[in-house]
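Q:
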Amino acid sequence: MDTALRMVLNGGRETADSTRTHSFASMLCDKFTVRAMISLRKYLDAAQTASTSDREPDEHDLLSLALAAYRSSLAEMGKCSLDACPGLGKELRQGLGKIGDGLSIGVSAKEIEATERSIREQLHAWGGHAASHYRQRAVEVKDILILMARAAESVGSRDERCAQQINEVTTQLKTIANLEDLTQMRASIEKSAAELKTSIGRMVAEGKAAIDELRVEVTSFQAKLEESEKIASYDSLTGLRSRLSVEGQIEARVNVALPLCVAIIDIDGFKQVNDDHGHMVGDELLLEFATELKSRCRSTDVVGRWGGDEFIILLDCGMPVARGRADRIQEWVCGNYTVRGKSGPMKLRVDASFGLAEHLEGETMKELLARADSEMYKNKSASRVSSDQSSQ
């Protein structure tokens, strides 16, 4: 077990840095390591807080705690992969989730070793794919710059040719001025006019062709950039706005001093759902919850996934109106949800804690979010105390 846990915490950093791909994978694994260590600490703190007796934990308790930390570490790695590369992170998250779901109390040493190899292989493979993905994006940007340089060069070359042709016509006109025969002068003027017309026609045709070619290329690259922007702006699991996108929306509202309230929502006891039923069931529950949350909000509201089992809503109104709307949303999204379990459909009771804060004049986005987060945890604690008293 120690060996397997060390492998998770190391995040596959034993890979050699001999190539750029392996270096990129190591960088990502470092990020996974920090999140994994934070997750492990949270489990240890939770276990210490939950203990109501002075007895030493037995082997079964330690094994259960280690497996829970192991599974949580894998989940954190999956979340980090979505942050590092949204386009490819979903596949790794699902793969690590399946590995975590396969861990149980009766796991053998051989199964742990096989799990270790599987995790390492998935991390290394994903690191290589992510490095390749970003290299391809870099190539596309380079192609855009080359295209722009070629277009500028083409326009410059065309203008140079046209200037030369116009200079030739000017020279011919000066020659005509020295002629004394009117017939000869007329013939020379007609010839020069025809050459000038041909030159201008050629210049127009070349310019149109260059613009058409540039327009096709720019349209193609614009579509790719819009797709990349969409991937970065929306959460791949729920389809809600990503944290990065929501932060941009908050900043925009704060900068113009618009009325704004922020609601942070956290699903109560979601970790237990993952532990009891697996991450696939957890993902389905998140998707259904997000769908209900979005359906209850107005089209002008910004609804996003803040991270893990946390969501966020931006309400363009003052606190009195926002409070009433938040209460109605909470009443709507809390209740029974039907998800597909290992043995068929099953119902899960879902409750959520809300934290609401109104933006104050001169307040930064960070301060606003901190107040909403604090309010959410305050309500979560009050709800937990009320639930404990009811069960006694």
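Here the sequence shown is numbered in my numbering, starting from 79 and rising by one per residue. Where is the CB? At the ideal position from N, CA and C, for every residue including glycine. Bear in mind that the values here come from a model prediction, so they are computed numbers and not experimental data.
Give every residue of the same chain whose Cβ lies closer than 7 Å to the Cβ of I345, excluding the five residues on either side of it in the sequence, and list them in chain order.
A: Answer for I345: F367, D387, V428, A430, listed in chain order.
Q: Which one or two residues does DSSP pair with V428 in a beta bridge?
A: For V428, which the question treats as bridged, DSSP gives the partners G413.
Q: If we count the other Cβ atoms within 10 Å of its Cβ and call it buried at 16 or more, is I183 buried or exposed?
A: Exposed, because fewer than 16 other Cβ atoms sit within 10 Å of the Cβ of I183.
Q: Measure the C-alpha to C-alpha separation of A400 and I391 and round it to an integer number of angstroms.
A: Answer to the nearest angstrom: the Cα atoms are 10 Å apart.
Q: Which residue marks the beginning of the beta strand (DSSP E) containing R383, and which one marks its end?
A: Start and end: 380-385.
Q: Would you please state the rounded distance, in angstroms, between the beta carbons of G167 and Q200? I believe it to be under 8 Å.
A: Incorrect: roughly 12 Å between the Cβ atoms, too far for contact.
Q: For G285, does the three-state DSSP call read helix, strand or coil?
A: Helix, per DSSP.
Q: Can you check the region 135-209 for any alpha helix (DSSP H) of at least 4 residues that lies completely inside it and give the ranges in chain order?
A: Those alpha helix (DSSP H) runs which fall completely within the region 135-209 and span 4+ residues are 137-162, 164-179.
Q: Taking the Cβ atom as the reference point for each residue, do G385 and R321 lie within a distance shorter than 8 Å?
A: Contact flag set, yes.
Q: When DSSP builds the beta bridges, which residues end up paired with C339?
A: For C339, which the question treats as bridged, DSSP gives the partners L393, E436.
Q: Can you grab the Cα-Cα spacing for the pair S298 / A283, in whole Å?
A: Looking at the two C-alpha atoms, the distance is approximately 23 Å.
Q: What do you get for P164, buried or exposed, if any count of 16 or more other CB atoms within 10 angstroms of its CB means buried?
A: With 16 or more Cβ atoms within 10 Å of its Cβ, P164 is classed as buried.
Q: Which first and last residues belong to the alpha helix (DSSP H) in which V351 is found?
A: Counting along the chain, the alpha helix (DSSP H) containing V351 begins and ends at 348-355.
Q: List the DSSP bridge partners of G422.
A: Beta-bridge pairing links G422 to G419.
Q: Grouping DSSP H, G and I as helix and E and B as strand, with all else coil, what is R319?
A: Reduced to three states, the DSSP call for R319 is strand.
Q: Three-state secondary structure (DSSP) at E291?
A: In the structure shown, E291 sits in a helix (DSSP, three-state: H, G or I).
Q: What whole-angstrom Cβ distance do L181 and W204 have, given they're in contact under 8 Å?
A: Not a contact, Cβ separation roughly 20 Å.
Q: To the nearest angstrom, how far is the alpha carbon of Y212 from that of K456?
A: Rounded to whole angstroms, Y212 to K456 spans 42 Å at the Cα level.
Q: So is R462 buried or exposed if we call it buried at 16+ other beta carbons inside 10 Å?
A: Label assigned to R462: exposed.
Q: Going by alpha carbons, who is nearest to G356 out of L274, R195, R383, R418?
A: Checked all of L274, R195, R383, R418; the closest Cα to G356 is R418.
Q: State yes or no: is the C-beta of I309 within less than 8 Å of the C-beta of F432?
A: Not in contact: I309 and F432 (Cβ atoms no closer than 8 Å).
Q: Between V411 and E445, how many whole angstroms is the CB-CB distance? I'm expecting something under 8 Å.
A: About 27 Å separates the two Cβ atoms, so there is no contact after all.
Q: Just mark S459 as buried or exposed, buried being the case when its beta carbon has 16 or more other beta carbons within 10 Å.
A: Label assigned to S459: exposed.
Q: Classify K302 as buried or exposed, calling it buried when 16 or more other Cβ atoms lie within 10 Å of its own Cβ.
A: Exposed: under 16 other Cβ atoms inside 10 Å.
Q: Between the alpha carbons of E439 and G347, how many angstroms are there, rounded?
A: Roughly 35 Å separates the two Cα atoms.
Q: In this structure, how does DSSP classify E304 when only helix, strand and coil are distinguished?
A: Of the three classes helix, strand and coil, the one that applies to E304 here is helix, per DSSP.
Q: If I measure Cβ to Cβ from R403 and keep anything under 8 Å in the same chain, skipping five residues before and after, which residues do I get?
A: Contacts found: L393, C395.
Q: With DSSP run on the structure shown, which of helix, strand or coil describes E388?
A: DSSP places E388 in strand when its eight states are reduced to three.
Q: Using alpha carbons as the reference points, say which of C375, M358, S277 lies closest to E409.
A: Among C375, M358, S277, the Cα nearest to that of E409 belongs to C375.
Q: Go ahead and label A271 buried or exposed: buried means 16 or more other beta carbons lie within 10 angstroms of its beta carbon, across all protein chains shown.
A: That one is exposed.
Q: Measure the alpha-carbon distance for C240 versus K220 and round it to whole angstroms.
A: Going by the C-alpha atoms only, they are around 30 Å apart.
Q: Assign I289 to one of two classes, buried (16 or more other C-beta atoms within 10 Å of its C-beta) or exposed (fewer than that).
A: So I289 ends up on the exposed side.
Q: Compute the beta-carbon to beta-carbon distance between I177 and I197, rounded to the nearest angstrom, for a pair I have assumed lies under 8 Å.
A: Right, the Cβ-Cβ distance comes to about 6 Å (below 8 Å), so this counts as a contact.
Q: Compute the Euclidean distance between the alpha carbons of L447 and D139, then round it to the nearest angstrom.
A: L447 and D139: Cα-Cα distance of roughly 37 Å.
Q: Note down, in chain order, each residue of its chain lying with its Cβ closer than 6 Å to the Cβ of V185, except the 5 sequence neighbours on either side.
A: There are no such residues.
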